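First residue of the sequence shown: 34, per this note's numbering; consecutive thereafter.
Quick notes on the structure that follows.
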Amino acid sequence: MIKEIAAKAQSLGIPWQTLLKEALQGFFLETFFAMKESSAVTFQGGTCLRLVYGGPRHSEDLDFVTLEPLENFEKLRPGLAEKFKARGAGAQGSLELTAQKSFHKILRWKLKWSPSDGEGSVFVRVELAAYPAHTRELKPLLQGPAGVWIIVPVESKEEILTDKLAAIAGRPYLKGRDFFDLWFLDSQGVAFRADLLRQKLKDYNTTLEGLLERGRQADEALLRRDLSPFLPAAIRQRLEDDSYREVLRAARAVISRALRELSP
């Protein structure tokens, strides 16, 4: 498994750890959504864009929302951990699912792969947040583990777009991947929905104050730094040759449209 991943990563021009994380994400989704308790959970975020909607950007975390009490899922973790432990041999190493520092509305786990020779490890962060999903669709993963079809409940692309806007507005620091994802969604013709953004701002208790300025603060250096490990070399080179101008232009246009439509 590792040799195949390393060879593919070399051909794509990305770190092999990035592709291994993607394999771990698939393992988690397959195992987690086989449990009946997962029916109350909705997949969202950048990894959802990658694995369900065909986004070109690889990702490192798994993000979910649910209105079920988070402690119910923490009770499931030991059983999930045993399932991953049993799969470790097939992954040429060991797999562990451990609890991480959590907060009132956020439950965090870490799925870690350690190689049989004990040198180096790769992990995926898993986050379940106590917020509603306002859209919910059943979609297949584009490429499940070992080619197995996996059907997962996901947010619509329109809702993920508003998540990205809310993240830029509410996060205390900028992430280049948020701007890249806005560009990708805009390039797919995904419509901005003001009603969804209003609801998101209410859910996360944030405002659009400063959103325009944050859009202006994003620059080529931010995107290069943040996206370098997650884009295949051919795509990365084209965007870097353009100094990420088109990505930033499109993302700022989405931000401007959101501000116009939500202006009183």
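Note that beta-carbon positions come from the ideal geometry of N, C-alpha and C, so glycine has one too.
Quick caveat, the model's predicted, so the values are computed rather than measured.
Q. According to the neighbour-count rule (16 or more other Cβ atoms, all chains shown, within 10 Å of its Cβ), is residue 254 buried or exposed?
A. In the sequence shown, counting from the first residue as 1, residue 254 sits at position 221. Classification for residue 254: exposed.
Q) Between residue 146 and residue 132, is the Cβ-Cβ spacing less than 8 Å? A) Reading the sequence shown from its first residue, position 113 is the one you call residue 146. Reading the sequence shown from its first residue, position 99 is the one you call residue 132. For residue 146 and residue 132, no; Cβs fall outside 8 Å.
Q. How big is the Cα-Cα spacing for residue 218 and residue 129?
A. By 1-based counting over the sequence shown, the position of residue 218 is 185. By 1-based counting over the sequence shown, the position of residue 129 is 96. Distance between the alpha carbons of residue 218 and residue 129 is about 34 Å.
Q. Would residue 91 be called buried (16 or more neighbouring beta carbons within 10 Å of its own) or exposed?
A. The residue you call residue 91 lines up with position 58 of the sequence shown. It counts as buried.
Q: Could you name the residues that DSSP lists as bridge partners for residue 94?
A: Here residue 94 refers to the residue found at position 61 when the sequence shown is read from its first residue. When beta bridges are read from the DSSP output, residue 94 appears opposite 158.
Q.
Quick check on DSSP: helix, strand or coil for residue 134?
A. For the purposes of this step, residue 134 is identified with residue 101 of the sequence shown, where counting begins at 1. Residue state, collapsed to three classes: coil.
Q. Closest to residue 98 by CA distance: which of 75, 247 and 214 is it?
A. Counted from its first residue, the sequence shown places residue 98 at position 65. Out of 75, 247 and 214, 75 has the C-alpha closest to the C-alpha of residue 98.
Q: Please specify which runs of the alpha helix (DSSP H), each continuous and at least 4 residues long, are wholly inside the segment 217–241, giving them in chain order.
A: You should have 227–236.
Q) Is there contact here, the segment 78–96 with the segment 168–176, by at least three beta-carbon pairs under 8 Å? A) Output reads yes: the segment 168–176 touches the segment 78–96.
Q: Could you check which residue in 190, 201, 295 and 157 has the C-alpha nearest to that of residue 56?
A: Along the sequence shown, read from residue 1 onward, the residue named residue 56 stands at position 23. The residue among 190, 201, 295 and 157 with its C-alpha nearest the C-alpha of residue 56 is 157.
Q.
Quick check: residue 140 and residue 191, are their CB atoms within less than 8 Å of each other?
A. Walking along the sequence shown from the start, residue 140 turns up at place 107. Walking along the sequence shown from the start, residue 191 turns up at place 158. No, the Cβ-Cβ distance between residue 140 and residue 191 is not below 8 Å.
Q. Since residue 289 is in the beta strand (DSSP E), which residue starts that stretch and which ends it?
A. Within the sequence shown, the letter at position 256 stands for residue 289. Per DSSP, residue 289 belongs to no beta strand (DSSP E); it is in the alpha helix (DSSP H), 278–295.
(Q) My output table needs one value for residue 208: the three-state DSSP class, helix, strand or coil. (A) Position 175 of the sequence shown, counted from the start, is the residue given in the question as residue 208. In the structure shown, residue 208 sits in coil (DSSP, three-state: anything other than H, G, I, E or B).
Q. Under the rule that 16 or more other beta-carbon atoms within 10 Å means buried, what is residue 62, buried or exposed?
A. Residue mapping note: residue 62 aligns to position 29 of the sequence shown, counting from 1. Burial of residue 62 is indicated by the presence of at least 16 other C-beta atoms within 10 angstroms of its C-beta.
Q. Could you give the distance in angstroms between the alpha-carbon of residue 165 and the alpha-carbon of residue 236?
A. On the sequence shown, position 132 is the one that residue 165 refers to. On the sequence shown, position 203 is the one that residue 236 refers to. One C-alpha to the other measures close to 8 Å.
Q.
Report the CB separation of residue 160 from residue 94 in whole angstroms; it is logged as a contact under 8 Å.
A. The residue given as residue 160 occupies position 127 in the sequence shown. The residue given as residue 94 occupies position 61 in the sequence shown. With a Cβ gap of about 7 Å, residue 160 and residue 94 count as contacting.
Q) Which first and last residues belong to the alpha helix (DSSP H) in which residue 35 is found? A) On the sequence shown, position 2 is the one that residue 35 refers to. Start and end: 35–45.
Q. Can residue 168 and residue 199 be called in contact, C-beta distance under 8 Å?
A. As a working note, residue 168 is residue 135 in the sequence shown. As a working note, residue 199 is residue 166 in the sequence shown. In this structure, residue 199 does not lie closer than 8 Å to residue 168 by Cβ.
Q) Alpha carbon to alpha carbon, what distance is there between residue 223 and residue 290? A) Counted from its first residue, the sequence shown places residue 290 at position 257. Counted from its first residue, the sequence shown places residue 223 at position 190. Taking the straight line from one Cα to the other gives about 13 Å.
(Q) What residue range does the alpha helix (DSSP H) around residue 116 cover? (A) The sequence position of residue 116 within the sequence shown is 83, counting from 1. Here the alpha helix (DSSP H) through residue 116 covers 103–120.
Q | In chain order, each beta strand (DSSP E) run of at least 3 residues that lies wholly inside the segment 162–197 | A | Those beta strand (DSSP E) runs which fall completely within the segment 162–197 and span 3+ residues are 170–173 and 184–187.
Q. How many angstroms separate the CA atom of residue 231 from the CA atom of residue 225?
A. Along the sequence shown, read from residue 1 onward, the residue named residue 231 stands at position 198. Along the sequence shown, read from residue 1 onward, the residue named residue 225 stands at position 192. Cα-Cα distance, rounded: 11 Å.
Q. Just reading off the beta strand (DSSP E) that residue 145 is part of, what are its end residues?
A. In the sequence shown, counting from the first residue as 1, residue 145 sits at position 112. For residue 145, the enclosing beta strand (DSSP E) stretches over residues 139–148.
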